[in-house]
Every structure is written in C-alpha cells, then in structure tokens.
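Trainee: Listed in order, the protein sequences are those of chains A and B.
Quick note: the first sequence, position 87, residue 87 per the numbering used here, numbers continuous.
In short: position in the second sequence from 1, add 1000, done, that's the numbering used here.
There's a structure below that I have some questions on.
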Amino acid sequence: RRELPDGGARPNAAQFKQLVVSALRELHGEVGAALPVDVLTYEEKTLSAILRVISSGFVKLWSALTLLGFYQNRRCAFRVLQTSPFLLALAGNSRELVL
Amino acid sequence: QTILVVCFSVGYSAVALNHVIDFKEKKQEISKPVSPSELFPSLPIVQGTSKRIKVLTRLTLVVSDPSHCNLLRSTSANIRLYDIIAVFPKTEKLFHIACTTLDVDLVCINVTEKLPFYFRRPPVNMAIDRGIYFELLYTPAIKDSTMRRYTISNAISLMQICKGKNIVISSAAERALELRGPYDVANLGLLFGLSESEAKAAVSTNCRAAMLHGETRKTACGVVYTVKKPRKVEEEETTVPACKKAKTQA
C-alpha cells in the first residue's frame, strides 16, 4: 500500500499509473517501465493506492518509487505503508498483533 | 533549522513502527564551530512505540585542506558539545588521514560528483577496525538524475572495497518531502549492492553503533592527545560496553 503526500496536485487513477511507470522508466529504463504493475485500488481522497507487481520486480518498483522526486514540477514523496505477498495481510498491522 | 525539526517529526511519526528512533540534525560548519548551545526548544515527541524521538547534534566538517583537521583538536571545547562528528574529505590524502588518525565517527562519501580519488583498501580496512562508519546520502538521488548516477556509482565502488561493512545511509533532506521511511532506505541499500541484512543494518544497527562511538569519543575527551593516545584508545574500548549496557537498560 502506498501513500502519496503531495504539494497540491491530485492525480486520478490513470495519471497515477503513468506516474508509477515513469518513475520506473527514470530509474530502470525501458526494461523497468515494461514491468507489469497493476494498480488494484486507488483512493483519490487520501492519495493512497495498492499496487501489485511480480516478485522479481519488487525491489525495482520499490526503489523507483522511493527515488521519485517530482510530479508535474512539484515535489512529491511516495510513502510505502505496508508491503506483503498476500493481500489479506495488508488489512492489519502484523506488528501490533497480540497472540 | 527549527523548520527542519518540524519536518522530521512530521515525517517519522508517519512511519508508525520505526526501527531508527533517533535521528540526527546536521549542521554544516566550515572552519568555524559554533556551539549549538540552544539549537531549538527540543520537542520530545512520543512515538508509536511509546518512546521519545531523540534529537542528536552532529557536526560535519568539509575538509579540503590538512590544516582544517587541526580544528578537531584545538577547539575541542565546542566540538565536545556535538554528539557525532563527521568529516567530508575532498582529497585522497585527507581520506587517508580521516580513516586512520582523525577522531571522527563518520566519513561522508561524496555523492554529488565524480569522486576525484579511488578508494583503496588499506585506509578503508583501518577505518573499519577503528569503528568509523562511511556515510552515504540519498537525497541528491531524489532531486536530480545526474546526481542519482553519481550516487549509485560512488556507492557501488565503495561497496566493492569495503564489502558492505560499516555503511550508514542517511538523508540530507532539506524539506519534509525529501524524507523517506526506514524500510524504503533499506531498499535503496539493495540498489547500492548491499545484501538484505546489510542494508537493514545500514539503517538501524550501524547508526546506533556510530552514535555509541560518538559517546565514547565524548567521554574520553579529557585526555591529552599527543602522547597518551594509546591509553585513550583503551579507555574508549572500556567505555563502550558500559554505554551499551546503559542503552539497553534505558
């Protein structure tokens, strides 16, 4: 799950996908941009999304998102809230689990 | 600089379960150490794990001349107030001096331009033995794509020589939006060529160890440098376990 704290611009779902792909292209080139990334959900209000990627491309995607600096000439930052191989695990915070 | 502290607190409180609870405030001084007597009304903020964020002071010396190194010994009254001292060498000789004889905790590695010197193994190994950590900054990688290339190339060449030991990754962020969470930064370590455990250590345990190194340097500061240096080194080593015990108890 990723959250995008922004300066003021609000991208919609398609622009968000394009932002992710352009971040991959900037860092890892055409091979990175060709990585199949799916945006599973996207909330425009909180600017947060859930992305899915193949496990071999996970490091590339995460590093590309971390190093992204600009969106439409504005500073932006991706904040990765949670990562997990299972979708259900994103629903809760496993560190605060009480057994 | 008060803005910086506010930025940091906003950023790291957003990352709920944070490995690196302490963070450092960087003050750039060139040949004029000003004592940070009252930097800011320190805001201890309770975090997600019910511990307070620690704010440490840190001094970075940009040395391009061997005479700058004398500042470390002469004006030790001011320097003692800083928790961590880092040096930023610009030439190979200074890098060698910093790794072998200078009394610092961190050696900054330039990431914004092509290194004018190559790393050599002897000074790097000596630095690792002395407990000095090499620091890489990642904020230029966010700002500019040419700096990104230099960051990665310099980091990779450092990795080849030091095999991933004693690396600390930190941000020289000037705004709140340039900060990244600790797991993101550990992932960047993977890009630089570290293994996964090393990358995570670069963000958490190595930083802690650098802090402790700074503390031992502070406590053993009363000794005269010129002749009694071997004894001072022994004193440092005996204070390290005490400090570590105090930290784990606190």
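All C-beta atoms, glycine included, are put in the ideal place defined by N, C-alpha and C.
#1: For a cutoff of 8 Å on Cβ pairs, would you count A:Arg10 as touching chain B?
#2: Can you list, in chain order, the residues of its chain whose CB lies under 8 Å from that of B:Leu1194, leaving out five sequence neighbours each side?
#3: Is there at least one Cβ from chain A nearer than 8 Å to B:Leu1190's Cβ?
#4: Determine, for B:Arg1149, whether the minimum Cβ-Cβ distance to residues of chain A falls below 8 Å.
#5: Going by beta-carbon coordinates alone, are B:Phe1095 and B:Pro1123 separated by less than 8 Å?
#6: Who are the near neighbours of B:Ile1128 in its chain, counting only those whose CB is closer than 6 Å to its CB and skipping five residues on each side?
#7: Please list the terminal residues of the continuous beta strand (DSSP E) segment that includes A:Ala49.
#8: What are the start and end residues of each continuous alpha helix (DSSP H) run of 4 or more residues lying completely inside the segment 1149 to 1173 of chain B, in chain order?
#9: Going by C-alpha to C-alpha distance, which of A:Cys76, A:Leu67, A:Ser84 and A:Ala89 sits closest to A:Pro11?
#10: Alpha helix (DSSP H) containing A:Val21: first to last residue?
#11: On the three-pair Cβ rule with 8 Å, is the segment 24 to 34 of chain A touching the segment 53 to 66 of chain A?
#12: Provide the residue span of the beta strand (DSSP E) that contains B:Glu1135, from first to last.
#13: Among the candidates B:Tyr1118, B:Met1126, B:Ile1152 and B:Thr1091, whose CA atom is the shortest distance from the CA of B:Leu1191?
#14: List the residues that DSSP assigns as beta-bridge partners of A:Val41.
#15: For B:Arg1120, count neighbouring C-beta atoms within 10 Å of its own C-beta (all shown protein chains included) and say buried if the count is 16 or more, exposed if not.
#16: Across which residues does DSSP place B:Leu1106 in a beta bridge pair?
#17: Can you pull the chain B residues whose beta carbon is under 8 Å from the beta carbon of A:Glu26, in chain order?
#18: With distances taken between CB atoms, is the gap from B:Glu1135 to B:Val1104 smaller than 8 Å?
#19: Can you give the Cα-Cα distance for A:Glu43 and A:Ala13, rounded to whole angstroms?
#20: With distances taken from CA atoms, which of A:Ser55, A:Leu87, A:Thr46 and A:Leu67 is nearest A:Val20?
#21: Taking the alpha-carbon of B:Tyr1133 as reference, which of B:Ser1197, B:Glu1196, B:Ala1186 and B:Ile1085 has the nearest alpha-carbon?
#22: In terms of residues, what are the limits of the alpha helix (DSSP H) holding A:Leu65?
#23: In chain A, which residues lie with their C-beta within 8 Å of the C-beta of B:Asn1187?
#24: From B:Asp1144 to B:Glu1198, what distance separates their C-alpha atoms?
#25: According to DSSP, is B:Arg1121 helix, strand or coil?
#26: Under 8 Å, do B:Tyr1183 and A:Val37 count as touching if we go by C-beta distance?
#27: Pull up the distance between the alpha-carbon of B:Thr1100 and that of B:Arg1148, whole angstroms please.
Mentor: Short version:
#1: Your numbering for residue 10 of chain A matches position 10 in the first sequence. So, not an interface residue.
#2: Taking the second sequence and counting its residues from 1, one reaches residue 1194 of chain B at position 194. So the list reads Met1159, Gly1164, Ile1167 and Ala1202, once near-sequence residues are dropped.
#3: Here residue 1190 of chain B refers to the residue found at position 190 when the second sequence is read from its first residue. Yes, its Cβ sits closer than 8 Å to a Cβ of chain A.
#4: Taking the second sequence and counting its residues from 1, one reaches residue 1149 of chain B at position 149. Output row for B:Arg1149: interface = no.
#5: Mapped onto the second sequence, residue 1095 of chain B falls at position 95. Mapped onto the second sequence, residue 1123 of chain B falls at position 123. Yes, Cβ-Cβ distance for B:Phe1095 and B:Pro1123 is below 8 Å.
#6: Stepping through the second sequence from its first residue, residue 1128 of chain B is reached at position 128. Same-chain partners within the cutoff: Lys1165 and Asn1166.
#7: Numbered from 1 along the first sequence, position 49 holds the residue referred to as residue 49 of chain A. Looking at the DSSP string, the run of the beta strand (DSSP E) that includes A:Ala49 is Ser48 to Val53.
#8: none
#9: Walking along the first sequence from the start, residue 11 of chain A turns up at place 11. Out of A:Cys76, A:Leu67, A:Ser84 and A:Ala89, A:Cys76 has the C-alpha closest to the C-alpha of A:Pro11.
#10: The residue labelled residue 21 of chain A in the question sits at position 21 within the first sequence. Run containing A:Val21: Ala13 to Ala33, per the alpha helix (DSSP H) assignment.
#11: yes
#12: In the second sequence, the residue the question calls residue 1135 of chain B occupies position 135. Counting along the chain, the beta strand (DSSP E) containing B:Glu1135 begins and ends at Tyr1133 to Leu1137.
#13: Numbered from 1 along the second sequence, position 191 holds the residue referred to as residue 1191 of chain B. B:Leu1191 has its Cα closest to that of B:Ile1152, out of B:Tyr1118, B:Met1126, B:Ile1152 and B:Thr1091.
#14: Counted from its first residue, the first sequence places residue 41 of chain A at position 41. Inspection of the sequence shows that residue 41 of chain A is occupied by Thr rather than by Val. In DSSP, A:Thr41 forms a bridge with A:Ile50.
#15: Working through the second sequence from its first residue, we reach residue 1120 of chain B at position 120. Under this definition B:Arg1120 is an exposed residue.
#16: Counted from its first residue, the second sequence places residue 1106 of chain B at position 106. Looking at the DSSP assignment, B:Leu1106 forms a beta bridge with B:Ala1086 and B:Tyr1133.
#17: Within the first sequence, numbered from 1, the residue matching residue 26 of chain A stands at position 26. Ser1145, listed in chain order.
#18: Residue mapping note: residue 1135 of chain B aligns to position 135 of the second sequence, counting from 1. Residue mapping note: residue 1104 of chain B aligns to position 104 of the second sequence, counting from 1. In this structure, B:Val1104 does not lie closer than 8 Å to B:Glu1135 by Cβ.
#19: As a working note, residue 43 of chain A is residue 43 in the first sequence. As a working note, residue 13 of chain A is residue 13 in the first sequence. Each residue's Cα considered, the two are about 8 Å apart.
#20: Here residue 20 of chain A corresponds to residue number 20 of the first sequence, with the count starting at 1. Per the Cα distances, A:Leu67.
#21: What you label residue 1133 of chain B is simply residue 133 of the second sequence in a count that begins at 1. B:Tyr1133 has its Cα closest to that of B:Ile1085, out of B:Ser1197, B:Glu1196, B:Ala1186 and B:Ile1085.
#22: Looking up residue 65 of chain A in the first sequence gives position 65. Phe58 to Thr66 is the span of the alpha helix (DSSP H), which, as asked, contains A:Leu65.
#23: The count along the second sequence starts at 1 and reaches residue 1187 of chain B at position 187. Going along chain A in sequence order, the residues near B:Asn1187 (Cβ under 8 Å) are Val59, Trp62, Ser63 and Thr66.
#24: Position 144 of the second sequence, counted from the first residue, corresponds to residue 1144 of chain B. Position 198 of the second sequence, counted from the first residue, corresponds to residue 1198 of chain B. Their Cα atoms are separated by approximately 26 Å.
#25: Here residue 1121 of chain B is taken as the residue at index 121 of the second sequence, counted from 1. Helix at B:Arg1121.
#26: Within the second sequence, residue 1183 of chain B is the residue found at index 183, counting from 1. Within the first sequence, residue 37 of chain A is the residue found at index 37, counting from 1. Going by C-beta atoms, B:Tyr1183 is not nearer than 8 Å to A:Val37.
#27: Residue 1100 of chain B sits at position 100 when you count from the first residue of the second sequence. Residue 1148 of chain B sits at position 148 when you count from the first residue of the second sequence. Answer to the nearest angstrom: the Cα atoms are 29 Å apart.
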